[in-house]
Each structure stands twice: as structure tokens, then as C-alpha cells.
Amino acid sequence: MNTQTTIAGVTFKNPVMTASGTFGSGMEYEEFVDLNRLGAVVTKGVANVPWPGNPTPRVAEVYGGMLNAIGLQNPGIDVFMERDIPFLKKYDTKIIVNVCGKTVEDYVDVVERLGDEPAVSMLEINVSCPNVKEGAIAFGQKADALYNITSELKNHAKQPIIMKLSPNVTDITEMAKAAEAAGADALSLINTITGMKIDIHRRKFAIANKTGGMSGPAIKPIAVRMVYQVAQAVQIPIIGMGGIATAEDAIEFILAGASAVSVGAMNFVDPYTTVKVVEGIEDYMRTYHVENLTDLIGAVQ
Amino acid sequence: MKKKITATVLSQKEIAPRIFDMWIATDLAEQAKAGQFIGVYPKDRSTLLPRPISICQVSDKKDALRIVYRIAGQGTAEFSSYTEGDSVEILGTLGNGFPTEAAEGKKVFLMGGGIGIPPMLELARELPASAEKQIIVGYRDNQLFLKEDLEENGTVYIATEDGSVGTKGNVMNAIEENALQADVIFACGPMPMLRAIKKYAEEKGIKAYISLEEHMACGVGACLGCVVKTKEVDHHSHVHNARICTDGPVFDAEEVEI
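First to last, the protein sequences are chains D and H. Quick note: the first sequence uses this note's numbering, first residue 1, plus one each step. Quick note: the second sequence uses this note's numbering, first residue 1001, plus one each step.
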């Protein structure tokens, strides 16, 4: 049985990754999970300088999921290179660094710094955070802007780049096609869906930012649908995510066309989720006599 | 070491209106400290996130934890229905706890307001014998809870908002009315109370350790949901934000901006 999957020339021992922002750089989950068991750790978004993030409350629970508006708080690339990368290097797992910025130059800055670090296998470009006003989402909601930033980053990146797509668009396949045309090596989807919650007793927004990105099991059918649509529209590989709680969920994404999957909000619900998904995929492959995980990619009929 | 486990409810009772007192059998008690908390998961899967609840008491044999909590919503309403023998999923132990060594040989205020009172019990039990424990607690009305437990562990002063028991007003009024003094303060309660304590401690030039609350998701320091503004750049975040779940919930009042 072979659980390996390959994306843009990078081979992962299994298709299970962590969704950016839900797993830090793995340090906080080291106590719960053997990081060696994961296909990759996708880090929290990192910018060229430290970002303070949004005011609190930053999180709220909603039916079957949650809203967040952290605002990409991060310590900046200098600390990240000195602290987070050496930590992750101790483990036999691939490192994918999520990159955020407010301007194209910000992104280029981070992408160039990471180019000097061979331990980083791929870069995931966050152009879809719904909680940061400048930049970010502006690049991810217009096809021409996405095309431009993707081609600019391809000029500077040493590692393959994954463009992380927003579901908060009219037609996600248009965005996927623009990223592919600009040279993106892979796509990841979906980022969170913009939502809102109101505390009726206090008559206030549950989140200081008013809106937040929704994640959790409640969004999974939307994410599976979008992965399927995008898989039909482009040739480049897809990392699927959105509400994955179990191996069954992960396999749905793979059958829809994802070459790998990420566990996000469910890390907060059960810190052991990632490894349970790895084991559950192996069980599924045994049960259905699947020799290669890659045989499942896009295999829905 | 933190872990998520399925534990067993030993007992539960309502000790004041909508305030519940639950004992849970768990080996997490071996590592539990005053001021730490656990995440309690509802079984109803429409509500996914753990509810952060402070540790009220650790059993003498260190094989059980006591939590005293108020029904605040759907999750805590579910917990209140549990009875002896029911299972309960918990994550713990979380947070740093109170620096009890700071009370060595000192006159101490242990100040609790409302549902911030429960952690004061375990704190009173863990403080060194050389500490002079003055426990000042504020309730809404005469529906007191944990009073007898607290009285076994120190001198208790009560304030009630409606004046039905003890000092009329809040814990600050109780300090004034009883002309109490301290060298160090430990506190947990609503934000206006903690702000008043921070100010009081600054004026008196004494240390105050305050336990903060914020909406949380992961409870283990990964999601950055529950931050508090800090005076200095935080060692972990490298911005003026510390994580309440992991760097707190107990902070030196001087170090946070609340």
C-alpha cells in the first residue's frame, strides 16, 4: 500500500497536512501528535514584519463550526526563520510555509527570504484571508489581480508555489484558471467563508471585526463542491480543505480531485485529528484494496 | 503534559441558581495547579469548541478535579445535565496557574468576583502556610456559593451587589470597609473588577496577579484567538499580544493592558 502523493515534484509520505493558521508551526501540537506522521505541516501565515492582528473577540462558535478574525497576527519572517523553521526541521515531515502580505513587495520579500531555506518544500500564498483589510483578499477576489501577483511571485520564488483560493467569489474556477495561467504550481482551497454572528442579548457583533471567516464541518459540502469544480477546470494539483474531521471527509476531497488534504478547525476540537485521518485513510485503502493513494484522486464517477 | 481524555463524572449539584458544582475523576488532577483550567467539550456536535472552565479544587488524592461553573449558553447547559457515571471529554491541564511562591510570608488578598470565585478555593489550598490569607469574594446577592469551603482555608470577607450579605458593593468596597491590607494580590473576576485591582495595586506599589478570560478556540496557544494586549513586546508573538490560554490566564497586572 502506497499512501504517497506528489505535488509539483514534491513527494509527501501521505496526503494529510495542517491548514494554515490552525496549527501554528506545530509546536503547540507536538504534545498531542507525532509530527513525523504528517504529510506536511503548513505553517501559520508569515509576513515580512510582525503583524499585531485584530482586536478581540477574534473567535466565535457557530452551528457546526466557528468564525475567526485573527487578522494574521504573526511574529514576522526574522523570528520565523530563527525559531519555527529549525523546530520543524527536527521532524520527518515536509514544511510548507504560508506567506501573507499587504503589497506585492511584502510577499516578494518573504518569498525571497524563504528561497534561501532548502528545508522549506513549498510556499502557500495567502491571497484569500477575509480578515485583513489591505492587500491579501484584494489579490484573491479579482482574476487579473491574482494573475499579476502569481506571475510576479513565480519570478522570485525558488520553491513551487501554491495559491490559496478564496471561496468568497462568484466563480472559483475563474480564479483557479487565472492562477494556473500565471504559472502557479498548485492550488489550495478553500479558505474560510466570510460570515457574521450577532449576540442578540448584548446587540453586538460576536467578533470585533464584525465579520469573520467560517470554518468547521458545516462548510465541508461547499468545499468539496469547489474542489470538484476546480479539478475539472485546471490541470495543476489541488490541496483540498474545509471542515475535514475524519478520514471519510478527507477521502471525499481526494475523490473530488484533491491530491492532498488539510485539517483545519478540527484541530481545535480534537488535537489528535490529523493522525486519526492518516490512520483512517490507510484503513480505507486496506478495506477497498486500493494499492496507491493516487488511484483515488479525482476518482468520483 | 496536555491531553484530551474521556473522564467520568463523580457528582454534580446546583449550589446556587444556575451555578453547578461538578467533580470529575481524572488523572489530569496529578498535574493540576491553582489558576489552571480545563477545556470541556459538549457532546452535542453542533457545538464543537471546548469550554474553558477554571479548576476549583484538586482532590487530596490527586485523582479528581472539581469545577464550579455558571450556565452561560448551550454548552454549559449540557454539562449541567450530567450526573454521576456520565462521561465527559476534557482537555487539560491548560494555562500557567498562579505563582503561589510569591505569597511566601506575605499578607495576601485572594479576590474573586462571581464565577471568578471558584479558582480562589484551590489557590487558598495551595498557598504556602506562611501566607496570611484574606479571601475577599463578591456575589450578586445572598445566593452565596463556596463560602464554607473558602472559610476552611482563610479569613473570608464578603461583598454583595445588593448588600444582602457583608459589604454592599464589590470586593474593593469590602477591602475599604474592613480596612484590609496586603503585600500581594491574586484575583479572578469580571474585567471592571480586574481593572480596579490593577489600579489599586499600582497605587499601593504591590504585585497583583490577575486571571483573564477571553473567547478561545484551541486552548493550547495555536489559534491566537484569545490574546491580551501587553505592555512590552511578548516573547512568543513578538508583538504587543500574549496568549491568554498559554501565556496566562494568570498575568502580572503590570504586564497587561486591560
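All C-beta atoms, glycine included, are put in the ideal place defined by N, C-alpha and C.
For the pair D/G71 and D/P52, the Cα-to-Cα distance works out to about 8 Å.
The three-state secondary structure of D/L88, taken from DSSP, is helix.
Residue burial annotation: H/I1005 is exposed, with fewer than 16 other C-beta atoms found within 10 angstroms of its C-beta.
Interface criterion met: the Cβ of H/M1001 is under 7 Å from a Cβ in chain D. The secondary-structure analysis by DSSP pairs H/T1160 across a beta bridge with H/Y1139, H/K1168. At least one beta carbon of chain D lies nearer than 7 Å to the beta carbon of H/S1046. When the beta-carbon positions are compared, D/N74 and D/S20 stay at least 7 Å from each other.
The beta strand (DSSP E) runs lying completely inside the region 1097-1139 of chain H and spanning 3 residues or more are 1107-1113, 1132-1139, given in chain order. For the region 1232-1243 of chain H, the residues whose beta carbon sits under 7 Å from a beta carbon of chain D are, in order, S1237, H1238, V1239, H1240, N1241. Following the DSSP letters along the chain, one finds H/Q1036 in no alpha helix (DSSP H), marked with neither H nor E.
Ranked by Cα distance from D/E61, the options D/T273, D/A178, D/F205, D/I297 are led by D/F205. D/V275 is a Cβ neighbour of D/V33, given a cutoff of 7 Å. Sorting H/Y1200, H/T1083, H/G1114 by C-alpha distance to the C-alpha of H/F1145 places H/G1114 at the top. Here the region 1097-1112 of chain H makes no contact with the region 1043-1053 of chain H; the two share fewer than three CB pairs at distances below 8 Å. Here D/A208 has N54, P55, T56, P57, R58, A69 as same chain residues with Cβ atoms under 8 Å from its own Cβ, once five neighbours each way along the sequence are excluded. The Cβ of H/C1218 sits closer than 7 Å to at least one Cβ of chain D. Boundaries of the alpha helix (DSSP H) around D/S151: 143-156. Under the three-state reduction of DSSP output, D/V278 falls in the helix class. Of the residues H/A1072, H/I1038, H/V1009, H/D1021, the one whose Cα lies closest to the Cα of D/H201 is H/A1072. D/N36 is classed as exposed because its beta carbon has fewer than 16 other beta carbons within 10 Å across all chains shown. The continuous beta strand (DSSP E) containing D/G212 extends over residues 211-215. Straight-line measurement puts the Cα of D/K44 at about 26 Å from the Cα of D/A256. Taking 7 Å as the cut-off, the Cβ atoms of H/Y1200 and H/V1250 do not count as close. Shown in chain order are the members of the region 48-66 of chain D whose Cβ falls below 8 Å from a Cβ of chain H: P50, W51, P52, G53, T56, P57, R58, V59, A60, E61, Y63, G64, G65, M66.
Within the same chain, and ignoring the five residues on either side of D/V49 in sequence, the residues whose Cβ sits closer than 7 Å to its Cβ are G76. H/Q1074: member of the alpha helix (DSSP H) spanning 1074-1080, first to last residue.
Taking a 10 Å sphere around the C-beta of H/A1182, we find 16 or more other C-beta atoms and assign the residue as buried.
Under the Cβ distance rule, D/V269 counts among the residues neighbouring chain H, one pair being separated by less than 7 Å.
Cβ contact annotation for H/I1244 (same chain, cutoff 6 Å, sequence separation greater than five): L1212, E1214, C1226, V1228, in chain order. Counting along the chain, H/K1198 sits inside the alpha helix (DSSP H) bounded by residues 1191-1204. Residues of the region 1197-1219 of chain H with a Cβ closer than 8 Å to any Cβ of chain D, in chain order: E1214, H1215, M1216, A1217, C1218, G1219. Ranked by Cα distance from D/G140, the first of D/Q159, D/N155, D/E174, D/R83 is D/E174. For D/F253, the enclosing alpha helix (DSSP H) begins and ends at 247-256. In this structure, DSSP gives D/T173 a helical state, which the three-state scheme calls helix. Close partners of H/L1094 in chain D (Cβ separation under 7 Å) are lacking, with about 11 Å as the shortest Cβ gap.
D/N14 is a Cβ neighbour of D/T3, given a cutoff of 7 Å.
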